[in-house]
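Colleague:
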Amino acid sequence: MSPDPEVLTTDTAWVRAPWTEPTPHAANIGGYVNFMVEIEEDRVRRSYGPEKDDRLARIKAGRHRPARPRRP
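Going by the working numbering, the sequence shown opens with residue 25, and the numbers climb by one from there.
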């Protein structure tokens, strides 16, 4: 976190470098989805695998419809 956007951009790049540089050599660059700060759809799909990700998407599409609107 930084109040200066330029410092934040520099720090973010510095922190991500150890992760992004070796990923072309990794067998699986998914990850633990609950710890992802920024959700990257391709990493989520790789974490679960295509079959499980498709099944979870179908389940969520059917179960996550609110029965009634929330009141403010």
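Don't be surprised by glycine CBs; every beta carbon is placed ideally from N, CA and C.
Nothing here was measured: the structure is a model prediction, and the numbers come from that model.
1. Let me know the secondary structure DSSP gives residue 31 once reduced to three states.
2. Would you kindly report the start and end of the unbroken alpha helix (DSSP H) that includes residue 71?
3. If you check the beta carbons only, do residue 69 and residue 55 fall under 8 angstroms apart?
Modeller: On the basis of the coordinates in this document:
1. Residue mapping note: residue 31 aligns to position 7 of the sequence shown, counting from 1. If DSSP states are grouped into helix, strand and coil, residue 31 belongs with the helices.
2. As a first step, residue 71 must be located in the sequence shown, where it is residue number 47. Looking at the DSSP string, the run of the alpha helix (DSSP H) that includes residue 71 is 65 to 72.
3. For the purposes of this step, residue 69 is taken as residue 45 along the sequence shown, with counting starting at 1. For the purposes of this step, residue 55 is taken as residue 31 along the sequence shown, with counting starting at 1. Not closer than 8 angstroms, so no.
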